Amino acid sequence: MLRINYRGKLFIAEKPVVMGIINVTPDSFYAGSRTGLNELVAKAGRMLEEGAAMLDIGGQSTRPGSSTISAEEEIQRVVPAIQTLYTHFPDALLSIDTYYASVAKAAFEAGAGIINDISAGLMDEAMLPTVAALGAPYIAMHMKGTPATMQQQPEYNNIGQEVLDYFIERIHACRSAGIKDIILDPGFGFGKTTAHNFELLRKMELLHIPGLPLLAGVSRKGMIWRTLGITAEEALNGTTVLHTVALMKGAAILRVHDVKEAVECVRLVGDIKPHPTPSPWGEGQAQHVMLGGQ
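Take 38 as the starting number for the sequence shown in the numbering used here and just add one per residue.
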């Protein structure tokens, strides 16, 4: 179950939901996700009509090797987009994809209600207290390194255990800052080889902590198109296959470029697997983790 406080209203989903990706950036790895302001309303409206429960707006690319832009430039890109979406779709759940605290605050003031941070608060020390002050749900992602360095020979001894350990530490930091609603993202493609990504997907059920939903972001990523010898533009079928696996492993949110196909995947998998995956850790230990070991 997904249960979050969104801008003062309780949002509850009994089954997995789909988050549509809207990039207001010229250099996203998948050209089909790049959206100018002129196209924004039509694209968002289509995603919502197709069944997206959330829209995730990003103002800079975090693809491997990407260069960073300033918080000020990111604000100039995302705030007009969020204001436009909030005006046209006031009931939509809007998320801001950023690791800058100042961008998160400006986006929230413009109408966004969820903060999606690839660094889980490690790239801007002001992020966690800012999210707590806003009272926003927080998506904390696992990443080894930064977008500029993360694919420079990443190594793991046991990726499932290392990602879980990272989440336990980050959950404690979030709780200590005062963040109440936390969503965990394993970070497929962020500081991981293709082999690492598939191993992490196979072990994804080990990351279940009661009360903390899992988000899967595999849409059109290199783990698909490199494996199949195709391009990101040709990776929709492979994406659907991995969405199916992620849902079977207990993902509560699919972050996607193609909403219609993902919603269909959720519906069909729901008929196969009607009950959520139980945590392998047991309620007692999971509660201990949720409280940051206190």
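Glycine included, C-beta positions come from ideal geometry on N, C-alpha and C.
Source: prediction; values computed, not measured.
Sequence-distant residues of the same chain with beta carbon closer than 8 Å to residue i, five excluded per side
| i | result |
| --- | --- |
| Gly82 | His125, Phe126 |
| Ile119 | Ile94, Leu131, Ile133, Ala144, Ala147, Gly148, Ala149 |
| Leu171 | Ala141, Lys142, Phe145, Ile152 |
Closest by C-alpha distance to residue i, when choosing among the options
| i | options | result |
| --- | --- | --- |
| Leu221 | Thr230, Ser256, Ile176, Phe227 | Ile176 |
| Leu244 | Cys211, Leu265, Ile219, Phe204 | Phe204 |
| Ser256 | Gly226, Val293, Pro174, Phe235 | Val293 |
| Gly197 | Ala232, Val168, Val54 | Ala232 |
| Glu270 | His280, Thr281, Lys258, Val278 | Lys258 |
| Glu109 | His280, Ile119, Gly96 | Gly96 |
| Arg263 | Val306, Ala50, Thr230, Leu237 | Thr230 |
| Pro286 | Ala299, Lys310, Ala272 | First, the amino acid is wrong: residue 286 is Lys here, not Pro. The option with the nearest alpha carbon to Lys286 is Lys310. |
Whether residue i touches residue j by CB criterion (8 Å)
| i | j | result |
| --- | --- | --- |
| Glu87 | Val296 | yes |
| Glu162 | Tyr137 | no |
| Pro250 | Leu39 | yes |
| Leu131 | Gly148 | yes |
| Met56 | Leu291 | yes |
| Lys181 | Gly228 | yes |
| Asn153 | Asp218 | no |
| Ala50 | Ala89 | no |
Same chain, Cβ closer than 7 Å to residue i, neighbours up to 5 away in sequence not counted
| i | result |
| --- | --- |
| Thr167 | Ala138, Ala141, Lys142 |
| Glu199 | Tyr193 |
Contact test: residue i Cβ vs the ligand SAM heavy atom, cutoff 7 Å
| i | result |
| --- | --- |
| Leu249 | With respect to the ligand SAM, the structure offers nothing, as it holds no ligand at all. |
Buried versus exposed, by CB contacts within 10 Å (16 or more), residue i
| i | result |
| --- | --- |
| Asp128 | exposed |
| Ser213 | exposed |
| Asn234 | buried |
| Ile267 | exposed |
| Leu305 | exposed |
| Ser98 | buried |
| Arg239 | exposed |
Same chain only: Cβ atoms within 6 Å of residue i, ignoring 5 sequence neighbours per side
| i | result |
| --- | --- |
| Glu236 | Ile196 |
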